[in-house]
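Here's the structure, in structure tokens; my notes come after.
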Amino acid sequence: MEINNCKAYELIRREELGGIKSTGYLLKHRKSGARVVLIENDDDNKVFSIAFRTPPADSTGVPHIMEHSVLCGSKHFPAKDPFVELVKGSLNTFLNAMTYPDKTVYPVASCNDRDFQNLMHVYMDAVLYPNIYEHDEIFRQEGWSYRLEEKDGKLTYNGVVYNEMKGAFSSPEGVLDRVVLNTLFPDTSYANESGGDPEVIPELTYEQFLDFHRRYYHPSNSYIYLYGDMDMEEKLNWLDEEYLSAYENEPVDSAIRLQKPFDRMVEKEIPYSIASDEPEEDNTYLSYNKVIGTSLDKELYLAFQILDYALLSAPGAPLKKALTDAGIGKDIIGSYDNGIYQPIFSVVAKNANVEQKEEFIRIIEEVLTDAADKGIDKKALEAGINYHEFRYREADFGSYPKGLMYGLQMMDSWLYDENEPFMHIDALDTFAYLKSQVGTGYYEELIRKYLLDNTHGAIVVVKPERGRTARMDRELEEKLEALKDSLSDARKERLVEQTKELEDYQSQPDRPEDIEKIPVLQRTDISREIAPIINEEMTLAGVPAVFHETWTNGIGYVDLMFDLSDVPEEMLGYVGILQSVLGIIDTENYEYGELFNEINSHTGGIGTSLELYNDVTKVEEKAFRATFEIKAKAMYGQMPFAFRMMREILTGSKLEDTKRIKEILDMLKSRLLMRFQSSGHTTAALRALSYASPSAKFKDMTNGIDFYQFVADLSEHFEERKDELTQVLETLSRQIFRGDHMMVSFTASRDGLDGLEELVKEIKEGLFADGDPGTPCVIHCQKKNEGFKTASKVQYVARTGNFIDHGASYTGALQILKVILSYDYLWQNIRVKGGAYGCMSSFNRIGEGYLVSYRDPHLKRTMDVYEGVVDYLKNFTVSDRDMNKYIIGTISNLDQPMTPASKGDRSMNLYMNHVSAEMIRRERAQVLDATQEDIRALAGVVEAMLAADQICVIGSEEKIEENRDMFDNVTNF
Numbered sequence: 011m012e013i014n015n016c017k018a019y020e021l022i023r024r025e026e027l028g029g030i031k032s033t034g035y036l037l038k039h040r041k042s043g044a045r046v047v048l049i050e051n052d053d054d055n056k057v058f059s060i061a062f063r064t065p066p067a068d069s070t071g072v073p074h075i076m077e078h079s080v081l082c083g084s085k086h087f088p089a090k091d092p093f094v095e096l097v098k099g100s101l102n103t104f105l106n107a108m109t110y111p112d113k114t115v116y117p118v119a120s121c122n123d124r125d126f127q128n129l130m131h132v133y134m135d136a137v138l139y140p141n142i143y144e145h146d147e148i149f150r151q152e153g154w155s156y157r158l159e160e161k162d163g164k165l166t167y168n169g170v171v172y173n174e175m176k177g178a179f180s181s182p183e184g185v186l187d188r189v190v191l192n193t194l195f196p197d198t199s200y201a202n203e204s205g206g207d208p209e210v211i212p213e214l215t216y217e218q219f220l221d222f223h224r225r226y227y228h229p230s231n232s233y234i235y236l237y238g239d240m241d242m243e244e245k246l247n248w249l250d251e252e253y254l255s256a257y258e259n260e261p262v263d264s265a266i267r268l269q270k271p272f273d274r275m276v277e278k279e280i281p282y283s284i285a286s287d288e289p290e291e292d293n294t295y296l297s298y299n300k301v302i303g304t305s306l307d308k309e310l311y312l313a314f315q316i317l318d319y320a321l322l323s324a325p326g327a328p329l330k331k332a333l334t335d336a337g338i339g340k341d342i343i344g345s346y347d348n349g350i351y352q353p354i355f356s357v358v359a360k361n362a363n364v365e366q367k368e369e370f371i372r373i374i375e376e377v378l379t380d381a382a383d384k385g386i387d388k389k390a391l392e393a394g395i396n397y398h399e400f401r402y403r404e405a406d407f408g409s410y411p412k413g414l415m416y417g418l419q420m421m422d423s424w425l426y427d428e429n430e431p432f433m434h435i436d437a438l439d440t441f442a443y444l445k446s447q448v449g450t451g452y453y454e455e456l457i458r459k460y461l462l463d464n465t466h467g468a469i470v471v472v473k474p475e476r477g478r479t480a481r482m483d484r485e486l487e488e489k490l491e492a493l494k495d496s497l498s499d500a501r502k503e504r505l506v507e508q509t510k511e512l513e514d515y516q517s518q519p520d521r522p523e524d525i526e527k528i529p530v531l532q533r534t535d536i537s538r539e540i541a542p543i544i545n546e547e548m549t550l551a552g553v554p555a556v557f558h559e560t561w562t563n564g565i566g567y568v569d570l571m572f573d574l575s576d577v578p579e580e581m582l583g584y585v586g587i588l589q590s591v592l593g594i595i596d597t598e599n600y601e602y603g604e605l606f607n608e609i610n611s612h613t614g615g616i617g618t619s620l621e622l623y624n625d626v627t628k629v630e631e632k633a634f635r636a637t638f639e640i641k642a643k644a645m646y647g648q649m650p651f652a653f654r655m656m657r658e659i660l661t662g663s664k665l666e667d668t669k670r671i672k673e674i675l676d677m678l679k680s681r682l683l684m685r686f687q688s689s690g691h692t693t694a695a696l697r698a699l700s701y702a703s704p705s706a707k708f709k710d711m712t713n714g715i716d717f718y719q720f721v722a723d724l725s726e727h728f729e730e731r732k733d734e735l736t737q738v739l740e741t742l743s744r745q746i747f748r749g750d751h752m753m754v755s756f757t758a759s760r761d762g763l764d765g766l767e768e769l770v771k772e773i774k775e776g777l778f779a780d781g782d783p784g785t786p787c788v789i790h791c792q793k794k795n796e797g798f799k800t801a802s803k804v805q806y807v808a809r810t811g812n813f814i815d816h817g818a819s820y821t822g823a824l825q826i827l828k829v830i831l832s833y834d835y836l837w838q839n840i841r842v843k844g845g846a847y848g849c850m851s852s853f854n855r856i857g858e859g860y861l862v863s864y865r866d867p868h869l870k871r872t873m874d875v876y877e878g879v880v881d882y883l884k885n886f887t888v889s890d891r892d893m894n895k896y897i898i899g900t901i902s903n904l905d906q907p908m909t910p911a912s913k914g915d916r917s918m919n920l921y922m923n924h925v926s927a928e929m930i931r932r933e934r935a936q937v938l939d940a941t942q943e944d945i946r947a948l949a950g951v952v953e954a955m956l957a958a959d960q961i962c963v964i965g966s967e968e969k970i971e972e973n974r975d976m977f978d979n980v981t982n983f
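In terms of our numbering, the sequence shown opens at residue 11 and continues consecutively.
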């Protein structure tokens with residue numbers, strides 16, 4: 011790139027970024043002062059983002075409300091929701107916006123050049139010229155507003171962010187994270203909640219909201235980032251001509267202040283809500299937190315990730331083990347948060363008691379003193395370094411574009427020093443330095459300096475309070491009732507009018523000419539070809555195998571799959587426990603902590619999972635195959651070691667270790683419950699599907715609500731059942747891990763196959779002896795229609811059913827329906843008008859469909875919205891342009907870029923599900939050729955799904971009790 015051709019910018023620095031095979035440029039826009047970073051390489055998954063430093067002055071959530079609001083229409087794109095229009099009609103590989111404690115980031119990504127330019131244009135316009143100044147309805151919809159439907163009605167608050175944060179504040183983990191941050195930095199902007207405290211959000215005025223935009227959303231306060239294979243000069247010139255040149259450099263005082271260290275550690279105790287019949291015993295969170303320098307110390311930034319692994323996060327790590335052995339908490343977790351100016355190292359004991367606080371602190375400090383004085387286990391440090399370096403080199407972020415993750419990590423230094431964007435993303439030298447410091451006393455000195463002798467810390471205790479949510483809801487109701495009583499009739503009538511005006515604004519369709527201003531691709535821009543399926547069947551040492559040949563940068567991804575079809579239904583909960591135990595329990599040759607470190611010293615990790623494959627050729631029989639899988643990733647030269655460790659885990663685990671099994675059960679129970687609270691939508695949908703789907707029931711019994719209930723019961727009655735449990739686990743191991751039950755999936759380039767057959771032969775010979783086939787598993791389903799009461803202030807409302815069971819059939823057009831419902835009908839009715847944070851739908855090849863809401867203030871209203879889908883589809887009429895947009899958005903979902911590992915995973919999934927390339931081509935054609943008539947015809951599919959009448963709701967006990975007649979069963983977790 012010839013940067014000198016871009017006269018509007020000053021080049022501050024050019025740097026070769028060897029660790030990520032890129033060239034980096036740091037620039038400044040001469041006129042506006044905008045900071046710009048370019049990362050140039052051959053990645054066609056291009057990324058753009060613009061970020062602003064947005065320190066909150068209070069806890070009204072103005073940064074968060076602004077993040078939502080600027081995407082609701084702008085000068086050049088005045089439609090009410092350009093964001094949703096882009097989701098529906100672009101080929102984006104990422105499209106979102108995120109609020110952090112000190113910054114707000116607006117990233118987009120796409121592999122299509124024209125699409126990428128369109129996304130950049132809409133986002134730049136959104137952040138600099140939003141419609142918030144013309145429409146206060148945007149603030150009232152996304153932030154908060156009074157809702158009064160009639161003069162004598164009930165006065166309430168509503169708003170998307172308000173309801174989202176009610177959900178976030180319902181989670182004890184969310185409460186803890188927030189209070190730790192606020193407590194450690196009382197004199198800085200981190201003392202405030204950038205997302206918004208639901209009790210404080212209604213204090214924000216519209217004028218304060220606008221002032222926040224005027225102050226912080228200026229190019230002089232911006233951080234612009236471009237990544238990938240593109241014409242950088244063209245992008246820079248476009249940014250200058252279209253936007254940046256219109257602004258003068260007006261320095262914005264948004265600097266993140268350093269907190270002056272404390273003279274002594276502080277303590278804070280705060281309540282969180284549990285349901286009225288939940289126990290307060292064993293429900294407290296104890297946390298020990300220290301501030302660790304600043305994120306501008308590049309060695310410290312990574313060194314504490316290594317220490318977090320070695321001291322706390324790895325199974326068997328000394329802090330985790332000592333606290334667990336002392337019976338403090340059921341799950342010891344920790345974190346090192348280096349995404350803020352002054353990073354935080356935390357140790358957390360979940361499901362503990364307030365009385366254990368002093369012992370909790372004593373044990374932590376004893377363990378740290380011991381580590382500092384006697385030295386940290388070298389193998390643990392080496393494993394931690396390899397663990398993080400392997401992930402850095404592999405750069406596999408799943409569905410997230412690499413460039414996005416690099417851009418976000420870059421902000422960990424760039425936000426606090428505008429001349430240091432590349433510090434953390436070019437990390438090979440830092441890893442080399444950290445390796446050289448093992449055994450020198452370097453890490454031990456870090457413990458002394460930053461943990462033992464550092465007084466800038468806090469003990470934060472989050473303790474349960476029964477019925478707190480109900481009490482707070484009652485107090486809010488009384489407060490709003492008193493407020494309403496104090497209002498004049500004229501003021502009440504005005505609130506009724508404003509409620510109606512907002513509803514009218516939300517219901518009013520956009521003008522066609524406004525919608526047409528949002529650029530959209532054509533169907534002709536889309537290839538009709540499908541992504542290649544890479545499956546080569548072979549036999550290795552008599553074991554069926556499937557090879558997925560693709561470039562992997564010398565890493566082999568191996569998956570040993572063991573058939574579970576002869577495990578009886580009543581044993582499935584035990585299979586879930588076996589999967590949870592293996593890999594984190596002692597084996598014949600290793601203590602479990604040593605095992606984990608040994609694996610991470612030589613490989614990219616070994617993990618187990620239970621997988622389900624539905625046979626799409628036998629839908630009516632509901633045929634599926636379940637497998638127990640152990641997966642490893644390693645450089646080709648380390649494959650023999652990886653296979654040796656997999657065999658150690660499968661056949662050498664000491665399943666008679668009841669003390670360790672009890673620890674794992676307690677941890678499992680705690681983590682399942684935490685997942686239900688954060689991902690209640692997927693939990694509720696799975697549970698409702700399990701009423702009629704054997705494969706969903708299998709998943710629920712091994713990883714869902716049924717599994718949680720099984721684990722909780724086992725944990726409670728452990729003493730009387732532990733002998734039976736170990737016997738069952740041993741029997742299951744011998745039944746499952748047999749050569750005649752195994753198949754292999756392997757992803758690598760062709761040379762990765764060298765020596766693989768011998769490794770498969772060795773592990774096959776080392777497995778348990780082949781035995782008689784067991785009884786085929788038959789799963790029994792039963793409709794339950796349940797409401798699960800929690801202390802949450804919001805609901806997750808699921809409605810599911812199998813449309814094939816009720817006479818409909820699958821078509822590729824159902825993928826379009828998912829986009830239409832999720833970003834039109836459900837979006838408008840559940841999110842925009844209902845104030846829920848999210849809504850989703852799904853329809854799959856075996857006939858399973860669901861509608862579900864996320865952090866939803868409603869319950870019955872949402873169920874009524876679901877009932878309306880059929881009529882909506884029967885009357886579905888849109889312009890050809892809109893139809894085209896839905897199709898583009900659908901293809902965007904189908905054509906996400908894949909990492910080498912995900913190419914192998916996708917191919918194997920299709921193989922196991924019996925999905926042929928021809929099926930996928932046919933479905934893709936059904937998407938690309940779909941008409942409005944095809945969408946209207948799907949009304950019958952949704953009608954068939956709703957006919958199953960399967961519901962599950964996870965939510966507040968008040969709402970569920972209020973609607974008890976909707977459920978056959980109401981219970982707590």
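The beta-carbon is built from N, C-alpha and C at its ideal position, and this holds for glycine as well.
When DSSP assignments are scanned along the stretch 424-448, the uninterrupted stretches of alpha helix (DSSP H) that are 4 or more residues long and fall wholly within it turn out to be 438-446.
Taking the Cα positions, residue 831 is about 25 Å away from residue 126. As the crow flies, the alpha-carbon of residue 590 is around 14 Å from that of residue 724. Straight across, the Cα-Cα distance linking residue 473 with residue 690 is about 22 Å. Taking a C-beta distance under 8 Å as the contact criterion, residue 153 and residue 62 do not qualify as a contact pair. Within the stretch 623-696, complete beta strand (DSSP E) segments of at least 3 residues are found at 634-645, given in chain order. Of the candidates 171, 183 and 182, 171 places its Cα closest to the Cα of residue 207. Collapsing the DSSP output to three states places residue 230 in a helix. Proximity of the stretch 610-628 to the stretch 387-398 meets the contact definition, three or more beta-carbon pairs being nearer than 8 Å. Proximity to residue 460 across 379, 249, 254 and 635 peaks at 379, based on C-alpha coordinates.
In this structure, the CA atom of residue 121 is about 48 Å from the CA atom of residue 739. Boundaries of the alpha helix (DSSP H) harbouring residue 733: 728-746, taken from the DSSP string.
Taking every protein chain shown into account, the CB of residue 700 has 16 or more other CB atoms within 10 angstroms, so this residue is buried. Annotation for residue 389: 607 place their beta carbon closer than 6 Å to its own, counting only its chain and skipping 5 residues before and after. For residue 105, the enclosing beta strand (DSSP E) begins and ends at 102-105. Note on residue 877: under 16 other CB atoms within 10 angstroms of its CB, so exposed under the neighbour-count rule.
CA-CA distance, residue 798 to residue 491, rounds to 29 Å. For residue 859, the CB contacts under 7 Å within the same chain, skipping 5 residues up- and downstream, are 810, 811, 813, 852, 853 and 955 in chain order. Contact between residue 536 and residue 96 does not hold, since the beta-carbon distance rounds to 16 Å and is not under 8 Å.
Straight across, the Cα-Cα distance linking residue 357 with residue 807 is about 34 Å.
The closest CA to that of residue 465, considering only 104, 880 and 270, is found on 270.
Our two residues, residue 493 and residue 602, have alpha carbons roughly 60 Å apart in a direct line. For a cut-off of 8 Å, the C-beta gap from residue 129 to residue 222 is around 25 Å, too long to register as a contact. Residues 257, 260 and 262 of the same chain have their beta carbon placed closer than 7 Å to that of residue 228, with the five preceding and five following residues left out of the count. The alpha-carbon of residue 970 is positioned some 8 Å away from that of residue 963. Straight-line measurement puts the Cα of residue 471 at about 5 Å from the Cα of residue 279.
Within the same chain, 623 come within 6 Å of residue 922 by CB-CB distance, once the 5 residues on both sides are set aside.
The alpha-carbon of residue 238 is positioned some 22 Å away from that of residue 901. In the three-state DSSP reduction, residue 558 falls in the strand class (E or B). Separation of residue 105 and residue 636 (C-alpha to C-alpha, rounded to the nearest whole angstrom) is 34 Å. Put simply, the stretch 553-565 touches the stretch 738-757. At least three CB pairs are less than 8 Å apart.
The residue from 856, 841 and 855 with its alpha-carbon nearest to that of residue 849 is 841.
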